[in-house]
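Asks:
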Amino acid sequence: MIEVQDLTKAYGAVTAVDHVSFTVNKGEILGFLGPNGAGKTTTMRILTGYMPATSGTAKIAGFDVFGDSMEVRRHIGYLPETPPVYPDMAVEDYLDFVARIKNVPSDKRAARVTEAMRKTNLEDRRAQLIKRLSRGYKQRVGIAQALVHDPDVIILDEPTVGLDPKQIIEVRNLIKGLAGDHTIILSTHILPEVSMTCDRVVIINKGKIAAVDTPQNLTSQLKGGQKIRVEVQAPEKALRDALMQVSGTTRVDSEQVPADGHLVAIVETAQGADIRSAIAAKIVQNGWPLFELRGVSLSLEEIFLELTTDDAAHAQASSN
Amino acid sequence: MRNLYAIYRKEMRHYFVSPVAYVCSGLFLLISAFFFNFFLSAVIQQSFQMEMQSMQFGMPQQFDVPGQVMRAFLGLLSTLILFITPFLTMGVFAEERKRGTMELLMTSPISEIQVVLGKFLASLSLFAVMLLPTASYVVYMYLHSDPIPPWRMLLAGYAGILLLGGSLLALGIFISSLTENQLIAAVLTFVAFLFLWVLDLGHTSEGGLGSVLQYLSASRHYDDFARGIIDTSGLIYYFSFMVLFVFLTVRSIDSMRWRRA
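Chains as they are written, first to last, in the numbering used here: chain G, 415 to 734; chain S, 106 to 366.
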């Protein structure tokens, strides 16, 4: 549905987007993840035909975003970072206006507007002026605007920014409900958002793609070795020695918990080995009281930092 | 065409929900009504004096009261719109840019020319709506004159002011597309209008340059219309002026795509 090849955008000497390539399949939700200023908004603006690329191509539903811009614009709905609303218009009038400029046939317009309001739960606010709506409702109007013409592709730039936790959950559920009928690209710098809503993630940093994969794969692939957290009551030296004896252990870090004098040890293991039962057996064998034992997997947050900080990028390069 | 109408419709609604249209047209009507009344009584008084003089000295004179009033009144209107139109056009694009709605328009299947023309025609319609009540003063005067002056005078005068207004609106819309700040747009528009008026002083200087400047001045052509003459060169001047600035506005918003937003 969306094909991006070597897309590059330079503003003078600054390259905002640097040879970015990816594809999005029909009905998929693709997450665009990156720190602020990574080139997410620029990429989206190129896809929507708002600005031309310096080089490279992008196709939406088979139409080139620059050569066939008008056709592409008919196929996409776009929510920019700030919802593009007219404060003095009522919700329904605004959506009617958007439907008109998106070339919705006049006999279907009223139905489409109602449908967009239904999907975004705006029906009870239809006559209200947009300037009197809360931030969350304005955001919903922005989303309703992006889907009023029933586009194949919906592009959402940071759809949950500035919302409260309850609204964030609502918007996420709304987006998930749209997938299938629509192909969706959303950008965010919030990590849990990606793992909760997206089928695939593109991690972008300084204009370059750092990784493309499913959230699950990214987590497991970058996990490398597993970490196990053990909380015991035991003398530190003896515990460390005992844990190092367990086969498969590569490294042990330990720390005293000041509150109750328990010892917390983080055991790193080689990839693929599950040594939790062996550790448990060892501790029991020594007669130490065991309070907790669990596997720790690297969160997306850590992966993200690893991919987007320079040190980690070097480590990544040398290990490949 | 449907796209153009969608923009036009939205702009008209916008004008009538914001206080700008009401304040501008209210002031416009108030000031123009006051001056119309003033001109009318002044000219009638003058005509009485002339009549008394002619009775004393036996020199019968033709005195065209409606014509005199009309000319003075149209002159006033042309000055008034210099102050009013910058307020009508200042927000046309500056506000869209500031609110981020420009991004909506530019990613919708609608061309720049449709956006610009829709907005231009909406501002021109509002201007015509503002102007319409002032014509009733003139019509009233006409109906109470004996003989009734030629209606051509009235039509030419109002055609002139519409053309002049349209040109100023086109220029104002262009300036509005250059900035995100409405106030800056209004001030720059006013300065540009004054410049166009000052060009008229060119006709006092001799030679080719003087006549070129005189031709370029927006107010010179207007004088012909105010005298009841529909002059082709005036028509061409105003139409070219509007086409030029509509075109420049299209180029200006198109160039936003290439700049860093």
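We put the beta carbon where it would ideally sit given N, CA and C, even for glycine.
Just to make sure I have the definition right: I need the residues of chain G whose C-beta is within less than 7 Å of the C-beta of S281 (chain S). Which are they?
Replies: The premise fails here: S281 (chain S) is roughly 16 Å from chain G at the closest Cβ pair, so nothing lies under 7 Å.
Asks: Going by beta-carbon coordinates alone, are R118 (chain S) and M531 (chain G) separated by less than 9 Å?
Replies: By the CB criterion at 9 Å, R118 (chain S) and M531 (chain G) fall outside the cutoff.
Asks: Locate the beta strand (DSSP E) running through H433 (chain G), then write down its first and last residues.
Replies: 428–438
Asks: At the level of alpha carbons, what is the spacing between E495 (chain G) and T455 (chain G)?
Replies: 8 Å
Asks: Grouping DSSP H, G and I as helix and E and B as strand, with all else coil, what is T664 (chain G)?
Replies: strand
Asks: In the DSSP assignment, find the unbroken beta strand (DSSP E) run with Y127 (chain S) in it and report its ends.
Replies: It is not in any beta strand (DSSP E) - Y127 (chain S) instead sits in the alpha helix (DSSP H) that spans 124–162.
Asks: Could you please tell me which residues of the stretch 455–478 of chain G, in chain order, have their CB closer than 8 Å to any CB of chain S?
Replies: R459, T462, G463, Y464, M465, P466
Asks: Judging by CA-CA distance, which residue of G:S691, G:Q699, G:G701 is the nearest neighbour of L707 (chain G)?
Replies: G:S691
Asks: Return the residue from the list G:N587, G:I623, G:W702 that minimises the CA-CA distance to V644 (chain G).
Replies: With respect to the C-alpha of V644 (chain G), the residue from G:N587, G:I623, G:W702 having the closest C-alpha is G:W702.
Asks: Counting only beta-carbon separations shorter than 9 Å, does Y551 (chain G) have a partner in chain S?
Replies: no
Asks: Would you mind sorting Y245 (chain S) into buried or exposed? The rule is 16 or more other CB atoms within 10 Å of its CB.
Replies: exposed
Asks: With a threshold of 9 Å between beta carbons, is K516 (chain G) in contact with chain S?
Replies: yes
Asks: If you measure from the CB of R690 (chain G), is any heavy atom of the ligand ADP nearer than 8 Å?
Replies: For the ligand ADP, the structure offers nothing, since it holds no ligand at all.
Asks: Measuring only between beta-carbons, confirm whether E682 (chain G) sits less than 9 Å from chain S.
Replies: no
Asks: Could you check how far apart the C-beta atoms of Y343 (chain S) and S272 (chain S) are, in whole angstroms? I think they sit under 8 Å.
Replies: 5 Å
Asks: Please report the distance separating the alpha-carbon of G709 (chain G) from that of I443 (chain G).
Replies: 30 Å
Asks: State whether the stretch 511–531 of chain G contacts the stretch 213–232 of chain S, with contact taken as three or more CB pairs (one from each stretch) at a distance under 8 Å.
Replies: yes
Asks: Going by C-alpha distance, which of G:I557, G:L592, G:N700 is nearest V575 (chain G)?
Replies: G:I557
Asks: Is there at least one Cβ from chain G nearer than 9 Å to P214 (chain S)'s Cβ?
Replies: Closer than 9 Å to some Cβ of chain G, the Cβ of P214 (chain S) qualifies, so yes.
Asks: Cutting at 6 Å between CB atoms, please list the residues of its own chain near F178 (chain S), excluding the five before and the five after it.
Replies: F141, F144
Asks: With DSSP run on the structure shown, which of helix, strand or coil describes F198 (chain S)?
Replies: Three-state DSSP puts F198 (chain S) in coil, outside helix and strand.
Asks: Could you check which residue in G:P629, G:D667, G:T468 has the C-alpha nearest to that of W363 (chain S)?
Replies: G:T468
Asks: Quick one: is F436 (chain G) near chain S, going by C-beta distance under 9 Å?
Replies: no
Asks: Can you give the Cα-Cα distance for I460 (chain G) and A624 (chain G), rounded to whole angstroms?
Replies: 20 Å
Asks: Quick check on S281 (chain S): buried or exposed, where buried means 16 or more other Cβ atoms within 10 Å of its Cβ?
Replies: buried
Asks: In angstroms with no decimal places, state the Cα-to-Cα distance between Y242 (chain S) and I278 (chain S).
Replies: 30 Å
Asks: Closest to S435 (chain G) by C-alpha separation, out of G:A472, G:T534, G:Q559, would be which residue?
Replies: G:A472
Asks: For the stretch 496–568 of chain G, which segments carrying the alpha helix (DSSP H) assignment without a break, of at least 4 residues, lie completely within its bounds, in sequence order?
Replies: 505–515, 520–533, 549–561
Asks: Beta carbon of L269 (chain S), beta carbon of S324 (chain S): below 9 Å?
Replies: S324 (chain S) is positioned such that its CB atom lies closer than 9 Å to that of L269 (chain S).
Asks: Taking C-beta to C-beta, are A291 (chain S) and F153 (chain S) nearer than 9 Å?
Replies: Taking C-beta atoms as the reference points, A291 (chain S) and F153 (chain S) fail to come closer than 9 Å.
Asks: What span of residues does the alpha helix (DSSP H) with S483 (chain G) cover, start to end?
Replies: 483–489
Asks: Could you please tell me which residues of the stretch 560–579 of chain G, in chain order, have their CB closer than 7 Å to any CB of chain S?
Replies: none
Asks: Could you tell me which chain S residues have their CB closer than 7 Å to the CB of D502 (chain G), listed as they occur along the chain?
Replies: Simply H119, V122, S123.
Asks: Secondary structure at N286 (chain S), three-state DSSP: helix, strand or coil?
Replies: The answer is coil: DSSP assigns N286 (chain S) none of H, G, I, E or B.
Asks: Relative to the C-alpha of P606 (chain G), which candidate in G:G445, G:G441, G:S668 has its C-alpha closest?
Replies: G:G445
Asks: Check whether the stretch 654–669 of chain G and the stretch 595–615 of chain G are in contact - that is, three or more C-beta pairs closer than 8 Å.
Replies: no
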